[in-house]
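Heads up: the protein sequence lines correspond to chains A and B, in order.
Counting from 1, one number per residue, gives the positions in the first sequence under my numbering.
Counting from 1, one number per residue, gives the positions in the second sequence under my numbering.
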Amino acid sequence: MVTQGTLHMTEQKRRRLVAFNLRDAGTLFGLLAISGLFAVLAPDFLTLHNLINILQQSSINACVAIGMTLVIIGGGIDLSVGASAALSAVLTAMMMAAGVPLGLALLAGLGIGLACGYINGALISYAGLQPFIVTLGTLSLYRALALIVTGGNPILNLPGNFSNIFNASIGILPVPVVIVIVLSAIVWLVLRKAPIGEYILAAGGNEEAARVAGVPIARTKITTYMASGALAFIAGIILVGRLGAAEPVLGNLWELNAIAASAIGGASLMGGKGSIIGTLLGALVLGAMSNGLILMNVQAFYQLLATGIIIIAAMLVDRFTRGRA
Amino acid sequence: MSNTPDKPRLAMRDIGKTYGAFAALSGVSLNVGAGEVHALLGENGAGKSTLLKILSGIVAPATGSIEVDGRPLHGHSLANARRSGIAMIHQELQQVPELTVAQNMFLGRPLTRAGIILARAPMRAAAAATLAKLDKSIDPDAKISTLRVAQRQIVEIARALLFEARIIAMDEPTSSLMPAEVEKLGAIIRQLASTGTAIIYVSHKLDEVRRFCHRASVLRDGRLVGTIALADTTEEQIVTMMVGRDLSHEVHPCASTGEVVLDVRGLSWKDRVREVSFTLHRGEILGIAGLMGAGRTELLHLLAGLETPQAGEIRLGGQVVRLRGVRDAIRYGIGLLPEERKKEGILPLRSALSNAAITSLGAYSRQGMIRSGRLRADVMELFRSLHLRPLDPDKPVRLFSGGNQQKIVIARWLLSGVKILLLDEPTRGVDIGAKNEIYRVIRELAASGHAIIVVSSELPEILYISDRVAVMRNGRMTATLERDAMSEETIMQYAARDTRVEETA
Chain A
1 MVTQGTLHMT EQKRRRLVAF NLRDAGTLFG LLAISGLFAV LAPDFLTLHN LINILQQSSI
61 NACVAIGMTL VIIGGGIDLS VGASAALSAV LTAMMMAAGV PLGLALLAGL GIGLACGYIN
121 GALISYAGLQ PFIVTLGTLS LYRALALIVT GGNPILNLPG NFSNIFNASI GILPVPVVIV
181 IVLSAIVWLV LRKAPIGEYI LAAGGNEEAA RVAGVPIART KITTYMASGA LAFIAGIILV
241 GRLGAAEPVL GNLWELNAIA ASAIGGASLM GGKGSIIGTL LGALVLGAMS NGLILMNVQA
301 FYQLLATGII IIAAMLVDRF TRGRA
Chain B
1 MSNTPDKPRL AMRDIGKTYG AFAALSGVSL NVGAGEVHAL LGENGAGKST LLKILSGIVA
61 PATGSIEVDG RPLHGHSLAN ARRSGIAMIH QELQQVPELT VAQNMFLGRP LTRAGIILAR
121 APMRAAAAAT LAKLDKSIDP DAKISTLRVA QRQIVEIARA LLFEARIIAM DEPTSSLMPA
181 EVEKLGAIIR QLASTGTAII YVSHKLDEVR RFCHRASVLR DGRLVGTIAL ADTTEEQIVT
241 MMVGRDLSHE VHPCASTGEV VLDVRGLSWK DRVREVSFTL HRGEILGIAG LMGAGRTELL
301 HLLAGLETPQ AGEIRLGGQV VRLRGVRDAI RYGIGLLPEE RKKEGILPLR SALSNAAITS
361 LGAYSRQGMI RSGRLRADVM ELFRSLHLRP LDPDKPVRLF SGGNQQKIVI ARWLLSGVKI
421 LLLDEPTRGV DIGAKNEIYR VIRELAASGH AIIVVSSELP EILYISDRVA VMRNGRMTAT
481 LERDAMSEET IMQYAARDTR VEETA
């Protein structure tokens with residue numbers, strides 16, 4: 001009897017694992033299909049150098065998109081990620097240029113990113129405003145602050161050791177890629193294993209029921225926006241490190257690419273559903289496509305066209321495969 | 001009263017429908033005469049809604065035929081059914097809240113001039129004339145959103161009449177009506193029948209069915225168990241037909257120990273709850289009866305920390321406590337099974353396990369990580385003792401039946417160790433077999449020392465489950481009845497006195 005029960009449970013565990021991976025497998029299949037296509041069309045596509053290049057190019061969007069996925073699962077949206085990244089990165093760069101020690105400046109920048117997220121979350125949770133409108137407002141606000149503090153000019157004379165970090169590699173992987181892998185693993189673990197992960201899924205899936213069940217709704221939502229703000233800062237600082245300069249206009253339209261990666265990866269804008277692995281794969285789909293088209297010397301206009309087609313195709317596949325599993 | 005003419009108005013013959021390997025209906029035949037009110041009975045999943053969907057053209061049957069006044073219906077579509085004079089009043093009314101009554105009545109098939117210009121005045125006049133036959137108090141120019149559910153239902157019926165429906169099917173029309181409104185609907189149904197309309201009436205409430213209907217057809221597991229004349233059949237016989245077995249109605253022993261766990265004094269909130277005082281004992285099941293809007297749900301919300309009382313005090317085990325939120329209430333051992341399961345109860349996308357665990361995650365975590373092995377074992381033990389079916393903790397909760405969803409929410413509170421359970425309409429939308437399961441669970445919880453408050457709009461349920469009944473009316477607690485004083489008549493007396501005065505207020 002007991003062994004039967006245990007067998008039954010492991011069987012269910014396996015089923016759950018399979019079910020969990022089915023959507024991600026779909027995204028992976030999409031990524032492989034696109035890669036296969038470019039491998040044929042663009043001879044240089046399938047080289048180790050280029051594949052690492054794709055990881056490198058996708059890392060910034062992936063970083064922003066992980067945070068975006070958390071917010072979306074929690075039933076919200078964060079349009080201010082690009083502006084949060086710009087504000088926090090620019091202020092960090094100004095501190096570094098003024099001689100503040102590297103670690104301290106980065107820590108302060110992280111604090112600014114968290115604060116940007118906290119303001120979003122607090123306006124949504126305590127004042128009861130709609131996430132779309134709040135973050136649309138703070139998008140302008142944070143961007144304006146970044147432009148005001150810099151007077152619109154890039155911050156240039158950054159310490160050399162700072163840029164060296166982000167242009168270095170660990171083994172064959174560039175540092176930004178390693179950072180994103182580590183961050184993703186942490187977020188994935190939190191979402192699956194920590195109470196806050198269950199709270200985010202619950203609050204996004206049915207906020208009213210979650211409240212009755214005792215889920216701390218405000219704290220949960222604010223946490224997602226703060227995570228989004230922090231990850232936006234890290235993405236911003238990776239870009240500044242790569243370029244060696246902090247532009248106050250950096251991060252323009254990042255929110256759209258991040259939402260696209262989340263959606264391709266299976267996040268539902270209705271909340272309550274999403275996958276970190278899916279989002280990473282989604283970012284790689286977008287990265288691989290842009291890389292492949294560049295290799296083929298296709299005009300940028302067509303890259304935009306392809307992005308649009310991929311998003312809609314992913315949603316259609318989603319729509320028509322639901323309920324079959 | 002008996003009304004079975006030679007040629008039925010509606011004849012459904014040998015209707016069958018399968019979904020994959022599952023036979024939702026097989027060999028069901030149904031005759032309804034002109035002027036007959038015919039009840040369609042059965043537990044959830046018995047095939048009632050599939051039959052209604054086939055009748056109204058939403059679903060095509062796999063086998064069988066439908067005749068209206070002897071003429072066979074060719075091709076199954078909504079438009080075809082409508083043309084043959086079949087109208088359906090859905091449980092969830094399908095109306096546009098921001099349009100007027102008259103606009104809603106002509107929705108989808110407006111009168112026009114020259115085919116393109118809306119003929120507003122004639123539409124309004126026709127709507128007003130039809131409405132006047134049913135209820136003169138409804139203004140054809142009022143927005144639907146300003147009407148009560150009962151009035152919106154009458155608008156739907158008027159819409160059916162406007163298009164000369166000869167067969168009207170009503171799916172649980174009284175599920176959210178007050179007693180006076182139910183009577184009014186009954187009068188309208190009688191009026192419709194007297195003009196020759198055939199009415200199919202789906203309801204779980206057997207007393208209404210017996211008052212409004214002539215005959216009843218009982219479905220079970222997709223088959224017709226039988227068609228009976230209601231005048232010759234007892235309620236027990238009907239239930240036995242629906243469930244397929246006798247349901248025992250033994251009187252249970254009261255498990256109350258007399259130890260006061262909850263003592264409420266002068267609790268008030270926004271005129272919805274007025275100076276309510278009562279006590280609750282360990283092991284006791286306290287029923288709270290009352291009409292809709294009497295303040296019962298609001299009282300439970302105050303006790304569960306969803307709202308903050310404006311006056312009065314709550315004492316738990318002799319200590320005055322302030323509940324500043326749900327989490328406070330949970331900390332003091334109070335849990336709520338909310339009235340609207342889908343909206344406030346379950347997390348539909350999450351598994352049964354996640355749903356049961358959500359309140360207790362903190363207690364099952366070490367260093368910020370959930371100890372999933374222990375959590376899973378404890379939840380499984382609770383699911384087993386509650387007889388959850390199917391016993392699959394990883395299945396999304398939305399795929400469980402209503403009764404099992406309730407068990408999952410109850411498991412959530414048991415896991416978190418609450419001592420006081422507030423159950424708001426625990427068997428709403430749950431079929432009869434599952435209701436008995438829930439009653440059994442409530443009893444067992446009381447016997448194991450939980451104190452339980454049950455709010456229910458069904459008096460037989462209140463009488464069956466409660467050790468004591470408190471009655472609320474217009475925010476006040478008007479009576480507390482011990483078991484020997486409990487009866488439907490006494491409860492109604494305290495629940496409904498002076499309703500006329502209050503309704504106009």
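Virtual Cβ for every residue (Gly too), placed ideally from N, Cα, C.
Quantities reported herein were computed from a predicted structural model and do not represent experimental measurements.
Residue i in three-state terms, based on DSSP
i, result
"I138(B)", "coil"
"I172(A)", "coil"
"P8(B)", "coil"
"Q367(B)", "coil"
"F278(B)", "strand"
"P131(A)", "helix"
"N31(B)", "strand"
"E381(B)", "helix"
"M492(B)", "helix"
"D207(B)", "helix"
"I15(B)", "strand"
"A313(B)", "Correcting the residue type first, residue 313(B) is Glu in the shown sequence and not Ala. In this structure, E313(B) counts as strand in the three-state DSSP scheme."
"L399(B)", "helix"
"V469(B)", "strand"
"R428(B)", "coil"
"E181(B)", "helix"
"F22(B)", "strand"
"T112(B)", "strand"
"E67(B)", "strand"
"D221(B)", "coil"
"V249(A)", "coil"
"L262(B)", "strand"
"P159(A)", "coil"
"D44(A)", "coil"
"A260(A)", "helix"
"Q91(B)", "coil"
"T92(A)", "helix"
Same chain only: Cβ atoms within 7 Å of residue i, ignoring 5 sequence neighbours per side
i, result
"L414(B)", "L382"
"P18(B)", "The amino acid at residue 18(B) is misidentified as Pro; the sequence shows Thr. Excluding positions up to five away in sequence, the list reads A24, A62."
"P5(B)", "In this predicted model, P5(B) has a pLDDT of only 49, less than 50, meaning its place in the structure is not dependable enough to derive any value."
Own chain partners of residue i with C-beta closer than 6 Å, once the 5 adjacent residues on each side are dropped
i, result
"R412(B)", "A356, T359"
"A81(B)", "S56, G57"
"L353(B)", "V379, P393"
"A160(B)", "A87, I168"
"S59(A)", "P176, V177, V180"
Range of the contiguous beta strand (DSSP E) that encloses residue i
i, result
"V215(A)", "Unbroken run through V215(A): none, as it is neither H nor E."
"H38(B)", "37-41"
"L162(B)", "Here L162(B) belongs to no beta strand (DSSP E); instead the alpha helix (DSSP H) covers 149-162."
"A60(B)", "Premise fails: A60(B) is in no beta strand (DSSP E) and is neither H nor E."
"R476(B)", "476-481"
Endpoints, alpha helix (DSSP H) assigned at residue i
i, result
"S290(A)", "276-295"
"D506(B)", "Summary: the structure shown does not reach residue 506(B), with chain B confined to residues 1 through 505, and so no result is reported for it."
"S49(B)", "48-55"
"D271(B)", "Counting along the chain, D271(B) falls outside any alpha helix (DSSP H), and DSSP gives it neither H nor E."
Nonlocal neighbours in the same chain, by C-beta distance under 8 Å from residue i, ignoring five residues either side
i, result
"L118(B)", "P110, L111, T112"
"R13(B)", "S29, G64, S65, I66, E67"
"L147(B)", "V101, I138, V155"
Of all the residues that make up the stretch 416-434 of chain B, which are near chain A by a beta-carbon distance shorter than 7 Å? For the stretch 416-434 of chain B, the set of positions with a beta-carbon nearer than 7 Å to some beta-carbon of chain A is empty.
Under 8 Å (Cβ pairs) to chain A, residues found in the stretch 451-464 of chain B: From the stretch 451-464 of chain B, no residue has a Cβ closer than 8 Å to chain A.
Output needed in chain order: residues of the stretch 311-345 of chain B with a Cβ under 7 Å from some Cβ in chain E. This model lacks chain E altogether, as its protein chains are A and B.
For the stretch 195-215 of chain A, which residues have a beta carbon sitting closer than 8 Å to at least one beta carbon of chain B? If the cut-off is 8 Å between Cβ atoms, the stretch 195-215 of chain A has P195, E198, Y199, L201, A202, G205, N206, E208, A209, A210, R211, V212, A213, G214, V215 near chain B.
Please confirm if the stretch 171-182 of chain A is in contact with the stretch 326-335 of chain B, defined as three or more CB-CB distances below 8 Å between the two stretches. Not touching, per the Cβ criterion.
By the 9 Å beta-carbon criterion, what residues does the stretch 220-232 of chain A contribute toward chain B? Taking 9 Å as the Cβ-Cβ cut-off against chain B, none of the residues of the stretch 220-232 of chain A qualify.
Along the stretch 270-301 of chain A, what residues have a CB closer than 7 Å to any CB found in chain B? Hits within the stretch, in order: G272, K273.
When you compare the stretch 121-128 of chain A with the stretch 255-274 of chain A, are there three or more beta-carbon pairs, one atom per stretch, that lie closer than 8 Å? Between the stretch 121-128 of chain A and the stretch 255-274 of chain A, the count of Cβ pairs shorter than 8 Å is below three; the stretches do not touch.
Interface positions of the stretch 358-374 of chain B facing chain A (Cβ-Cβ less than 7 Å), listed along the chain: Listed by position along the chain: I358, T359, L361, G362, S365, G368, M369, I370.
Taking Cβ-Cβ distances below 7 Å as the criterion, which residues of the stretch 384-414 of chain B are in contact with chain A? Answer set for the stretch 384-414 of chain B: D392, D394, R412.
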